[in-house]
Structures are given as C-alpha cells and as structure tokens.
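Q: Just so you know, we're using my numbering here: the sequence shown kicks off at 99 and counts up by one.
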Amino acid sequence: MMIAFISVMGSGLAGVVGVLMHYLLKQNAQRAEEHTTVLAAIAEQGIGLRGHADGLHREAMAAIAEQGDRVVALHDRMVELHLQALAATAALGERTTSLETRAGAR
C-alpha cells in the first residue's frame, strides 16, 4: 500500500513537474521569439540610421574639402601679394640707392 501511495505521489509529482517544464519551455520560446523580433527591429533601425549617418558624413567631408580649397586659394593669393610686396620693396630700395648716389654726386 505504501509503495502504491509513493508510486501515485511520484507519478503525480512527475506530472506536475512535466506540466511546469512544458509551461516554462513555452514561455521561453515566446520570449525568444519576442527577443528575435525586437532584435530584427533594432537591426532594421540601425541600418536606416547608418545610411543617414553615412550621408551626413559625406556632406561634412565635402564641406571640409570645399573649405580646404578656399584656404588653398587664399594662401596662393597671399603668396602672390607677398611676392609683389617684396618686389616693390626691392624696387624702392634700388630707387633709394639711385637717389642717394645722385645726391652724393652733386
């Protein structure tokens, strides 16, 4: 009798454990599916944002390159003006020397 009672209790306990395991596995499967769906949505958003970020990066690099071209043009103009100023200074020095020579000759 005691063995029959233990057997019934054991099989009942095994049944409860089985039902509980089934419930937990089903819950886990649902959570895994939800998790997969959420990850897919995040990945989709990430791909969209990456495209947007790439576009912004290209625009920024183009603006920087454009500014670089302007800086180079300004630098070239400054060099040109500097050379003109040096030539004018040299010419002024020659004229001054010439005038001093003439003044000394008188």
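Note that beta-carbon positions come from the ideal geometry of N, C-alpha and C, so glycine has one too. Since we're looking at a predicted model, the values are computed, not measured.
Between the alpha carbons of residue 132 and residue 155, how many angstroms are there, rounded?
A: Looking at the two C-alpha atoms, the distance is approximately 34 Å.
Q: Output the distance between the C-alpha atoms of residue 162 and residue 196, rounded to the nearest integer angstrom.
A: In a straight line, the C-alpha of residue 162 is about 51 Å away from that of residue 196.
Q: Got a sec: is the Cβ-Cβ distance from residue 156 to anything in chain D below 8 Å?
A: Reference to chain D is not applicable here, since this structure consists of a single protein chain.
Q: Please indicate yes or no: does the CB of residue 128 lie closer than 7 Å to some heavy atom of the ligand NAP?
A: In terms of ligand content, the structure shown is empty, and the ligand NAP therefore cannot be addressed.
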